[in-house]
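Worksheet: the structure to be examined is printed underneath.
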Amino acid sequence: MAGITPDVTIVEVGPRDGLQNEKRIVPTEEKLALISLLCAANLPRLEITAFVSPKWVPQMADHEAILRETPPADGLIRSVLVPNERGALSALAIGVEELAVFTSASETFAHKNINCTITESIERFTPVAALARRCGVRLRGYVSCAVECPYEGPVAPRAVADVAGALAELGCIEISLADTIGRATPAGVDAMLSSVNGRLPPGRLACHFHDTFGHALDNVDVALGYGIRVFDSAIGGLGGCPYAPGAAGNLSTLPLVMHLESRGFSTGTDIATLQQAEEFAAGLRGKQP
Ligand code: HMG
Ligand code: MG
61 MAGITPDVTI
71 VEVGPRDGLQ
81 NEKRIVPTEE
91 KLALISLLCA
101 ANLPRLEITA
111 FVSPKWVPQM
121 ADHEAILRET
131 PPADGLIRSV
141 LVPNERGALS
151 ALAIGVEELA
161 VFTSASETFA
171 HKNINCTITE
181 SIERFTPVAA
191 LARRCGVRLR
201 GYVSCAVECP
211 YEGPVAPRAV
221 ADVAGALAEL
231 GCIEISLADT
241 IGRATPAGVD
251 AMLSSVNGRL
261 PPGRLACHFH
271 DTFGHALDNV
281 DVALGYGIRV
291 FDSAIGGLGG
301 CPYAPGAAGN
311 LSTLPLVMHL
321 ESRGFSTGTD
331 IATLQQAEEF
341 AAGLRGKQP
């Protein structure tokens, strides 16, 4: 996996953000087969599962098995979503390269998704950050509803900058700004990034677009203009969020890679294997519960 550093880094979130939203609970073996293809496609960063409550997201209940059965590899960062200290402790007991905490720029969405206020979520992440530091693993932070909220509508760019700043102060080395329901237009992304840009350098930021209305690649171009070089995507455009009505699939990995490469940005991925992974992901989606 080691080699020339690509211009743009893809964070593949399909096994987590994609499969958490499938009606059928995808069997562990099928998830592992997908993850294995994604590794073979040379994707350097994989968000493989979520150590969240199985009562809240039963699709991720096999998180321990997924992490245990995804072996570490040179140049591969295995990331898992954690909502609290308990999730972090369970993941660290197995071994992982990155913990990802997640909050929101919208209070209503924070309540629906993690059952607390934004301020409480940051407090809840404090012990997670301490554990990450102590164990020498990376800490990533998500700001959901960075442009639009399914419950509150448009979100103030200033609110996004505030939450991103709080996550950075906590110790997140990278903040992923998420258009959770894919409603963001390039103008909305521009306003949001212009606000966050005043607080954090582009090297600390990633963008996470969903493609509900077909704006995701245009939004990527806006983010590239701000110097952002890390993008989240899901193989086959899998996904959505169980607590975000209207959230269609994530930005699909293969079209993202093709888009970036056509603009002269290398991604270091193996396109033929990515195509196989896309077909495999489409098969997972097509199966009945
Ligand atoms: P709660 O009900 O407020 O808190 O949930 P709780 O402490 O009472 O926990 C409820 C139950 O879960 C308890 O079990 C806990 O033990 C257990 P019981 O005692 O009733 O048997 N529990 C756990 N189990 C396993 N692992 C854990 C854990 N913690 C508690 N870590 C909580 C609060 C945060 C736990 C819950 O709201 C939760 O898990 N939420 C996760 C929701 C989620 O995963 N949403 C989707 C991901 S976010 C997303 O998709 C957005 C993103 O992609 C970016 C974007 O696009 O916007 C990141
Ligand atoms: Mg998402």
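Counting from 61, one number per residue, gives the positions in the sequence shown under my numbering.
Idealized CB from N, CA, C, for every residue including glycine.
Being a predicted model, the structure only gives us computed values, none of them experimental.
Taking all protein chains shown into account, do 16 or more other C-beta atoms lie within 10 angstroms of the C-beta of residue i, making it buried, or fewer, making it exposed?
i	result
residue 338	buried
residue 139	buried
residue 175	exposed
residue 305	exposed
residue 261	exposed
residue 74	buried
residue 70	buried
residue 108	buried
residue 104	buried
residue 76	buried
residue 234	buried
residue 65	exposed
residue 209	buried
residue 248	buried
residue 134	exposed
residue 158	buried
Name the DSSP bridge partner or partners of residue i?
i	result
residue 267	237, 291
residue 158	139, 198
residue 213	209
residue 71	105, 292
residue 164	204
residue 310	270
residue 110	141
Do residue j and residue i count as a contact pair if the criterion is CB distance below 8 angstroms?
i	j	result
residue 81	residue 299	yes
residue 288	residue 313	no
residue 302	residue 252	no
residue 273	residue 243	yes
residue 335	residue 97	no
residue 221	residue 255	yes
residue 152	residue 110	no
residue 128	residue 154	yes
residue 100	residue 329	no
residue 237	residue 199	no
(message) I want to know whether the stretch 278-295 touches the stretch 190-197 - three or more CB-CB distances under 8 angstroms.
(response) no
(message) With three or more beta-carbon pairs closer than 8 angstroms as the criterion, would you say the stretch 163-179 touches the stretch 194-210?
(response) They touch, by the three-pair rule.
(message) Check whether the stretch 259-279 and the stretch 147-155 touch, using three or more Cβ-Cβ pairs below 8 angstroms as the test.
(response) no
(request) Please determine if the stretch 79-94 and the stretch 312-330 are in contact, where contact requires at least 3 C-beta pairs separated by less than 8 angstroms. (result) no
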